[in-house]
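Take a look at the structure set out below.
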Amino acid sequence: MTNNRTIIAACVAALLASTPVFAKDSSHFHEADWSKVKSYGNVSVSQDSVESWGAWTDFVEPAAGGPIVNPIQLLGAGSVDRYRNIPGTVTPPVNPPVDTGVCGAGDWCGYSVFTQSGENSRSRYNSDDDHGHHGSKKGYSGGLFALTLTAPDGSPGEGTASWRLASPETGSELANSGSPMWANFGGGDLSPEVWDTRTVKQWVAAHWEGQGRNRRWVSGHFERVTETYLKFSEGEQWNNTDNGLAHFMASDKSEDGYGFMKGFSDNLKANEATNAIDRTPFDWLGDRPFTDAIKAKDSQVAVGEYSRTVWAYTNGQDSERYPYESESTPTTTRGFYVAGLSTPQAYLDAQKAGDVVALYSGGSFDGNSQGHVAILVNFKPATWSGVWYGGDNKNAMNFMATGDVVGAKITSNAVASIPELNSSRVSYAGSVQGTFYGQQAATIGGLTNVSKSVNDQVINTQNAVFLVNKVASTSASPK
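Per the numbering used here: the sequence shown = residues 217 to 695.
Here it is as structure tokens:
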């Protein structure tokens, strides 16, 4: 148990957030101090660079013990950046990502894990079922996702919501919500008051009791009495009230089919995400990294689930039906998504000019379970590095990745095994992509498609969405 906690602390607590370098001053940090701080073992923070794994080179503390870190406390609110912008020259990104066309102007763009299947049939479009890492549980595919939200004057109330799902390889549309669905934005419910009874000791003062000849003096004493008390006040158990545009519930039912879509509340006491997303295997640590990341995300990020069943699936590209046994055979597309409004390029350029390094922490979700994620972004060289920790079972996905920052997106150029968490026979291959969200890059959402091999034989393929929030930031020059 202690060793597992040490591993998770090294992978997730990520580097620096619990060390003095991030607590020196409330307004700025100095990179010069990094050489004085040990990240793990004998590795200092200053050793991190685009050419090496730096703080990840020495991953695990000795068996005698490691840092005690609560990953939940590292999840920043993500909506506020304490560091002012540094003026810089706005330059166009080199080799920007190809525009797939699935996400249009004004849409919330992102990523999804999903399944797509006909009734009583094998999934038509999902990840390799033969290597599903949850036994009988179905593996999820990965896709690009576009969300269109229309609310009355941008305020809470009734409006519409629609979505489109596309292949990450070709950009071709795989499914959509059909007509815009009626949606209710904002609002939400509070847990009700809960009253209960309990038995307590109550002091009874000395007093005369009775009348006339029966009158007698009673000494002070304790008595057991039953009292009614407020066990939980309104909203104490859960609080789903949230008037942000990213918080909504949409549904639709027509002759062609039916569906729904949710945007989870980001209140710290919200239970919508917990109810919709399976409990994580990390319950023994008392946390749910992806669920907790939802409650700390930027307000311009929407995370939730969706489903649509159609009686005769129609391809959005050429309107040709897929070959089903009959036109009445229902096909269901179901998934989870992360989408948002990408960070303005001007802000990212300012971070680059200021040589800002930012730490992000959060979680991943593959449709069945949650994992821990930590990402370190170096804005000046436009690079990033990250770790994904999925657990300690033989099929767990424990890998690291590095890549480039291109505009408001991150793309991987290498995916590799974490030696301390995998045997020498284990290797990883795949890709990571993501997007900075919010006006101040407070959140990164993305998609991983990674395979795990033992002796060059694939044993598990996982598609997962991830969500991380900025927990610390530093610049080479004082602000």
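Backbone N, C-alpha and C fix where the C-beta goes; we use that ideal spot for every residue, glycine too.
Please read these numbers as outputs of a predicted model, since none were measured by experiment.
Using only CA atoms, which one of the options lies nearest to residue i?
i	options	result
PRO396	TRP424, TYR474, GLY451, GLY502	TYR474
GLU488	VAL519, PHE498, ASP472	VAL519
PHE464	THR545, HIS437, ARG550, PHE480	PHE480
ALA509	VAL416, GLY436, LYS485, THR331	LYS485
LYS511	TRP398, ALA422, ASP482	ASP482
GLY623	MET613, GLN655, GLN561, TRP454	GLN561
THR690	TYR576, PRO546, GLN418, ALA466	TYR576
PHE506	ASN685, ALA321, SER640	ASN685
VAL420	LEU406, ARG414, PHE438	PHE438
ASN459	GLY404, ARG504, ILE660, ALA466	GLY404
TRP527	TYR644, LYS596, GLY587, ASP472	ASP472
ASP514	ALA321, ASP620, GLY326, ALA658	ALA658
LYS469	PRO497, ALA321, ARG524	ARG524
LYS417	LEU406, GLY436, ARG432, ASN430	GLY436
GLN516	GLY320, ILE660, ASP672	ILE660
ALA569	PRO597, LEU592, PRO546	PRO597
SER643	GLU389, ASP499, ASN671	ASN671
ASP499	ALA645, GLY606, GLY387	GLY606
GLN453	THR496, ARG440, THR559, LEU406	LEU406
Who are the near neighbours of residue i in its chain, counting only those whose CB is closer than 6 Å to its CB and skipping five residues on each side?
i	result
ASN679	VAL329, SER343, TYR356, SER357, GLY358, ASN665
PHE682	SER580, VAL589, GLY662
SER378	THR364, SER393, PRO396
GLU521	LYS478, ALA492, PHE552
PHE448	VAL410
GLN649	THR627, GLY662, LEU663
ALA391	LEU381, THR549
THR376	THR366, PRO396, ALA399
THR415	ARG440, THR442
Since residue i sits in a beta bridge, which residues does DSSP pair it with?
i	result
VAL318	Paired residue(s): none; VAL318 is not in a bridge.
GLN586	PHE581
VAL687	In the DSSP output, where bridge partners are listed per residue, VAL687 has none listed.
ASN392	ARG380
GLN678	VAL666
GLY326	PHE361, ALA555
ALA574	VAL593, SER689
LYS417	ARG440
Using three-state DSSP, classify residue i as helix, strand or coil.
i	result
LYS568	helix
LEU360	strand
GLU636	helix
GLY662	strand
ARG431	coil
ASP369	helix
GLN561	helix
GLU385	coil
ASN400	strand
ASP405	coil
ASP672	coil
GLY375	strand
SER333	strand
THR545	coil
GLU425	strand
ARG338	No answer about ARG338 holds up, because its pLDDT of 37 lies below 50 and its placement is not dependable.
GLN655	coil
GLY532	Only weak support exists for where GLY532 lies, its pLDDT of 45 falling under 50; the value from the coordinates is given anyway. Residue state, collapsed to three classes: coil.
Can you find the residues in the same chain that come closer than 8 Å, C-beta to C-beta, to residue i, ignoring five residues on each side of it along the sequence?
i	result
GLY373	ALA367, ASN400, PHE401, GLY402
ASP412	THR444, TYR445, LYS447
THR490	ARG504, THR507
ALA630	ALA617, THR618, GLY619
Given residue i, which residues of its chain have a CB within under 7 Å of its CB, disregarding the five upstream and five downstream residues?
i	result
ILE697	Absent from the model: residue 697. The displayed extent of the chain is 217 to 695, so no value can be given.
ASN638	ASN614
HIS423	VAL434
TRP324	LEU363, LEU365, ALA518, ALA555, GLY556, LEU557
ASP185	The shown model of the chain, from 217 to 695, leaves out residue 185, and the question about it has no answer.
ALA466	ALA377, MET397, TRP398, ALA399, PHE476, MET477
SER265	Model confidence at SER265 stands at a pLDDT of 39, short of 50, so the residue's coordinates are unreliable and nothing is read from them.
task = Scan the segment 452-528 and note each continuous beta strand (DSSP E) run of 3 residues or more that stays entirely inside, going in chain order.
result = 464-469, 473-479, 517-526
ask   = What are the start and end residues of each continuous beta strand (DSSP E) run of 3 or more residues lying completely inside the segment 596-651, in chain order?
value = 599-605, 615-622, 625-633
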